[in-house]
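Undergrad: For the sequence shown, position 18 matches number 40 in our numbering, and the numbering has no gaps at all.
We treat Cβ as the ideally placed atom computed from N, Cα and C, and that holds for glycine.
This is the structure I have questions about; it appears just below.
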Amino acid sequence: MKTGLILEGGAHRAIYTAGVLDVFLENDIHFDGVIGVSAGAIHGGSFVSEQYGRNIAYTLKFAGDRRYMSFYSLLTTGNLVGEEFCYHELPEKYFPFDHQTFENSKTRFYVTCSNLITGKAEYIECDELRTKMAYLRASASMPFVSQITSIDGLKLLDGGICDSIPLQAFQSMGYDRCVVVQTRAAGYQKHKNKLSWLGHIIYRHYPEFVRAIENRHIMYNQELDYIEKQVSAHKAFSIRPSRNIPISHMEKNKKIIRNVYELGRADAQNALPDMQKFLHICE
Numbered sequence: 023m024k025t026g027l028i029l030e031g032g033a034h035r036a037i038y039t040a041g042v043l044d045v046f047l048e049n050d051i052h053f054d055g056v057i058g059v060s061a062g063a064i065h066g067g068s069f070v071s072e073q074y075g076r077n078i079a080y081t082l083k084f085a086g087d088r089r090y091m092s093f094y095s096l097l098t099t100g101n102l103v104g105e106e107f108c109y110h111e112l113p114e115k116y117f118p119f120d121h122q123t124f125e126n127s128k129t130r131f132y133v134t135c136s137n138l139i140t141g142k143a144e145y146i147e148c149d150e151l152r153t154k155m156a157y158l159r160a161s162a163s164m165p166f167v168s169q170i171t172s173i174d175g176l177k178l179l180d181g182g183i184c185d186s187i188p189l190q191a192f193q194s195m196g197y198d199r200c201v202v203v204q205t206r207a208a209g210y211q212k213h214k215n216k217l218s219w220l221g222h223i224i225y226r227h228y229p230e231f232v233r234a235i236e237n238r239h240i241m242y243n244q245e246l247d248y249i250e251k252q253v254s255a256h257k258a259f260s261i262r263p264s265r266n267i268p269i270s271h272m273e274k275n276k277k278i279i280r281n282v283y284e285l286g287r288a289d290a291q292n293a294l295p296d297m298q299k300f301l302h303i304c305e
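Set out below in structure tokens:
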């Protein structure tokens with residue numbers, strides 16, 4: 023039986039996930055496989071490299087920095103999230119990514135990307151990130167405010183468009199005892215994106231991807247239903263915010279960011295005994 027960890031995205035909202043993952047590291051909890059979507063993939067990478075506190079540290083330091091995530095970056099580079107700064111300077115200079123620990127880990131790491139040609143999700147295993155960082159960037163490249171990533175013959179963007187919480191996909195890959203970290207509180211339902219009409223203009227050459235954008239709210243709500251059923255059947259375990267998270271995608275208020283991170287820590291600590299039983303850690 024293989025254990026799996028599924029990490030939802032959500033831009034700065036996913037700093038909640040960083041809090042959860044730091045509690046896992048504190049308690050020496052690891053998984054056979056980790057799959058992340060968008061910001062969930064970013065935080066998942068630091069989890070596999072066992073870099074406790076890294077995600078919250080750089081988020082607090084660079085929140086509001088125009089090189090990190092800003093309309094200035096969008097206007098000057100075509101990417102809301104600065105590619106050169108976030109995927110080169112930050113992990114190489116300011117908060118070095120521990121490639122050695124990542125590569126030596128027994129955990130298999132996957133990122134979820136959306137394929138513009140097929141309109142389907144791609145689940146890409148990254149056994150290293152020295153040369154595969156582009157897949158991580160693609161997974162976190164939000165549509166409308168990011169350039170398309172072209173790599174290995176694929177055209178990719180934010181994995182959340184085609185599979186926001188890939189529990190079912192990970193189960194089909196053999197991870198049959200899964201923990202899902204969600205970034206929306208119970209009761210949330212996604213509505214159709216009011217800007218989805220832009221997809222017909224910006225991505226007019228990719229009709230299947232446009233269809234995925236149009237139907238994302240349907241897909242997302244169906245995944246929420248599936249997770250609830252799997253949790254009720256004791257086939258999955260979910261950790262999600264115990265209250266609504268008042269944080270924006272481009273949050274600059276460091277107190278708000280810290281509070282959301284601490285909520286993730288608190289929720290993970292409260293869930294820890296039941297999760298350990300679910301994973302059979304305490305047997």
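Measuring straight from C-alpha to C-alpha, what distance separates residue 134 and residue 74?
TA: Within the sequence shown, residue 134 is the residue found at index 112, counting from 1. Within the sequence shown, residue 74 is the residue found at index 52, counting from 1. Their backbone Cα atoms lie some 23 angstroms apart in a straight line.
Undergrad: If you compare alpha carbons, which of 210, 197, 27 is closest to residue 42?
TA: On the sequence shown, residue 42 is found 20 positions in, with the first residue counted as 1. With distances taken between Cα atoms, residue 42 lies closest to 27.
Undergrad: Reducing DSSP to helix, strand and coil, say where residue 144 ends up.
TA: Here residue 144 refers to the residue found at position 122 when the sequence shown is read from its first residue. The answer is strand: DSSP assigns residue 144 an E or B state.
Undergrad: If I measure Cβ to Cβ from residue 48 and keep anything under 8 angstroms in the same chain, skipping five residues before and after, which residues do I get?
TA: Along the sequence shown, read from residue 1 onward, the residue named residue 48 stands at position 26. These residues qualify, in order along the chain: 74.
Undergrad: Quick check on residue 36: buried or exposed, where buried means 16 or more other Cβ atoms within 10 Å of its Cβ?
TA: Sequence index remark: in the sequence shown, residue 36 carries index 14 (1-based). The residue is buried, with at least 16 neighbouring Cβ atoms inside 10 Å.
Undergrad: For residue 242, which residues does DSSP report across the bridge?
TA: What you label residue 242 is simply residue 220 of the sequence shown in a count that begins at 1. None; residue 242 has no bridge partner.
Undergrad: CB-CB under 6 angstroms to residue 221, same chain, minus the five flanking residues each way: which ones, in chain order?
TA: Along the sequence shown, read from residue 1 onward, the residue named residue 221 stands at position 199. If we look at residue 221 and ignore the five residues flanking it on each side, its Cβ neighbours are 232, 235.
Undergrad: Output the distance between the C-alpha atoms of residue 305 and residue 54, rounded to the nearest integer angstrom.
TA: Sequence index remark: in the sequence shown, residue 305 carries index 283 (1-based). Sequence index remark: in the sequence shown, residue 54 carries index 32 (1-based). Only weak support exists for where residue 305 lies, its pLDDT of 43 falling under 50; the value from the coordinates is given anyway. C-alpha separation (whole angstroms): 18 angstroms.
Undergrad: Can you find the residues in the same chain that come closer than 7 angstroms, C-beta to C-beta, to residue 117, ignoring five residues on each side of it along the sequence?
TA: For the purposes of this step, residue 117 is taken as the residue at position 95 of the sequence shown. So the list reads 76, 79, 80, once near-sequence residues are dropped.
Undergrad: Where do the ends of the alpha helix (DSSP H) carrying residue 99 lie?
TA: Against the sequence shown, residue 99 aligns to sequence position 77. Element bounds for residue 99: 93-99.
Undergrad: In terms of residues, what are the limits of the alpha helix (DSSP H) holding residue 39?
TA: For the purposes of this step, residue 39 is taken as residue 17 along the sequence shown, with counting starting at 1. Its alpha helix (DSSP H) spans residues 37-48.
Undergrad: Is the beta carbon of residue 24 sitting closer than 8 angstroms to the one on residue 198?
TA: Translated into positions along the sequence shown, residue 24 becomes position 2. Translated into positions along the sequence shown, residue 198 becomes position 176. Closer than 8 angstroms, so yes.
Undergrad: Could you tell me the alpha carbon to alpha carbon distance between residue 32 and residue 163, rounded to whole angstroms?
TA: Here residue 32 refers to the residue found at position 10 when the sequence shown is read from its first residue. Here residue 163 refers to the residue found at position 141 when the sequence shown is read from its first residue. Roughly 11 angstroms separates the two Cα atoms.
Undergrad: Look at the Cβ atom of residue 70, then the Cβ atom of residue 294, and state whether they are nearer than 8 angstroms.
TA: As a working note, residue 70 is residue 48 in the sequence shown. As a working note, residue 294 is residue 272 in the sequence shown. Against a cut-off of 8 angstroms, the Cβ pair of residue 294 and residue 70 comes out as no contact.
Undergrad: Mapping the DSSP letters down to three states, classify residue 237 as helix, strand or coil.
TA: For the purposes of this step, residue 237 is taken as residue 215 along the sequence shown, with counting starting at 1. Note: residue 237 maps to coil in three-state DSSP.
Undergrad: For residue 40, I'd like the list of residues in its chain whose CB is within less than 7 angstroms of its CB, leaving aside the five on either flank, ordered along the chain.
TA: On the sequence shown, residue 40 is found 18 positions in, with the first residue counted as 1. Counting only Cβ-Cβ distances below 7 angstroms, and skipping sequence neighbours, we find 65, 77, 78, 283, 286.
Undergrad: Between the alpha carbons of residue 279 and residue 196, how many angstroms are there, rounded?
TA: Taking the sequence shown and counting its residues from 1, the one referred to as residue 279 is at position 257. Taking the sequence shown and counting its residues from 1, the one referred to as residue 196 is at position 174. Computed Cα separation, rounded: 35 angstroms.
Undergrad: Under three-state DSSP, which class holds residue 180?
TA: On the sequence shown, position 158 is the one that residue 180 refers to. Residue state, collapsed to three classes: strand.
Undergrad: Identify, in the order they occur along the chain, each residue of the same chain with its Cβ nearer than 7 angstroms to the Cβ of residue 260, setting aside the five sequence neighbours on each side.
TA: Your numbering for residue 260 matches position 238 in the sequence shown. Cβ within range, chain order: 202, 204, 249, 253.
Undergrad: Please list the terminal residues of the continuous beta strand (DSSP E) segment that includes residue 260.
TA: In the sequence shown, residue 260 corresponds to position 238, counting from 1. From DSSP, the beta strand (DSSP E) with residue 260 extends over 258-261.
Undergrad: Rounding to the nearest angstrom, what Cα-Cα distance links residue 119 and residue 130 in this structure?
TA: Residue mapping note: residue 119 aligns to position 97 of the sequence shown, counting from 1. Residue mapping note: residue 130 aligns to position 108 of the sequence shown, counting from 1. Their Cα atoms are separated by approximately 17 angstroms.
Undergrad: Just tell me which of 51, 122, 83, 102 has its CA closest to the CA of residue 271.
TA: Indexing the sequence shown from 1 puts residue 271 at position 249. Nearest option by C-alpha distance: 102.
Undergrad: Helix, strand or coil for residue 305 per DSSP?
TA: Counted from its first residue, the sequence shown places residue 305 at position 283. The predicted model places residue 305 with a pLDDT of 43, which falls under 50 and marks its position as unreliable; any figure quoted below should be read in that light. The answer is coil: DSSP assigns residue 305 none of H, G, I, E or B.
Undergrad: From residue 52 to residue 29, what distance separates their C-alpha atoms?
TA: Here residue 52 corresponds to residue number 30 of the sequence shown, with the count starting at 1. Here residue 29 corresponds to residue number 7 of the sequence shown, with the count starting at 1. Their backbone Cα atoms lie some 14 angstroms apart in a straight line.
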